[in-house]
Amino acid sequence: GGPGIAYKLGLGWVLLASIQIPTAFLTLGILGKKLAIISRKIDGITINDFLRARYQNKWVVIISSITILLFFMAYMIVQVVGGARLFEVLTGLDYNIGLIIFGFSIIFYTVFGGFKTVAITDAIQGVIMMISSVILFFVLKDAGGGMRNIMDTIYKMDPNLLTPTSGGNISKPFIMSFWVLVGA
Numbered sequence: 002g003g004p005g006i007a008y009k010l011g012l013g014w015v016l017l018a019s020i021q022i023p024t025a026f027l028t029l030g031i032l033g034k035k036l037a038i039i040s041r042k043i044d045g046i047t048i049n050d051f052l053r054a055r056y057q058n059k060w061v062v063i064i065s066s067i068t069i070l071l072f073f074m075a076y077m078i079v080q081v082v083g084g085a086r087l088f089e090v091l092t093g094l095d096y097n098i099g100l101i102i103f104g105f106s107i108i109f110y111t112v113f114g115g116f117k118t119v120a121i122t123d124a125i126q127g128v129i130m131m132i133s134s135v136i137l138f139f140v141l142k143d144a145g146g147g148m149r150n151i152m153d154t155i156y157k158m159d160p161n162l163l164t165p166t167s168g169g170n171i172s173k174p175f176i177m178s179f180w181v182l183v184g185a
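Residue numbers (our numbering): 2 to 185.
Written out as structure tokens, the structure is:
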């Protein structure tokens, strides 16, 4: 995914992907707050609850449900496969065992805990990832001999890894269209 592309393309990919930071804050800060206020009024939990109350049209809810189901299935498959691969690498046990463990874990806490449990576990995992990312940054910076040394080492490997377009591997029109599409 993203880290692999960043490794291949360098800071150009990091620049490209950085639009996601303000987009997330704006989305959660503006839309999230409004959705939360409305959801409390209508006693809704999901986007479909919101759409049902807003449009009073079963076809909007059906189309939304099918769309969410299709895209979430693809999203969840990637998550379970990633978890199983991580399990395999960390434990040395068979990938299929990891696949079964991760799949059933998700099914278990979703079925028995409901949507709110999924939201809570996502929030907890998000906090863990943020804290881990900050710690990892400082550990890697220290292990690399400081930012200056890290940048010098990267420059010696391939100076294109430090350019905004990754030496032409990422075109400026692509950067702009990505920023418009992802940042919109």
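Note that beta-carbon positions come from the ideal geometry of N, C-alpha and C, so glycine has one too.
Three-way DSSP call (helix, strand, coil) for residue i in this model
i, result
"F19", "One detail in the question is off: residue 19 reads as Ser in this sequence, not Phe. Here S19 sits in coil by DSSP."
"P165", "coil"
"D143", "helix"
"S66", "helix"
"Q80", "helix"
"G93", "coil"
"T47", "coil"
"I171", "coil"
"D123", "helix"
"V2", "Inspection of the sequence shows that residue 2 is occupied by Gly rather than by Val. In this structure, G2 counts as coil in the three-state DSSP scheme."
"G104", "helix"
"G11", "coil"
"N150", "helix"
CB of residue i within 8 angstroms of CB of residue j, strictly
i, j, result
"F103", "G115", "no"
"L162", "L71", "no"
"F179", "L17", "yes"
"I46", "A54", "no"
"G99", "F88", "yes"
"A25", "V15", "no"
"I107", "V81", "yes"
"S65", "I39", "no"
Option nearest residue i by Cα separation, candidates the options
i, options, result
"P165", "L71, L10 and L52", "L10"
"V183", "R149, Q21, G2 and I6", "Q21"
"T122", "T111, M77 and I64", "T111"
"M77", "V119, N58 and L91", "V119"
Chain B within 8 angstroms of residue i, Cβ atoms only
i, result
"I171", "Looking for chain B here will not work: only one protein chain is present."
Residue i beta carbon near the ligand HEM (any heavy atom closer than 7 angstroms)
i, result
"L87", "This structure lacks the ligand HEM; in fact it carries no ligand of any kind."
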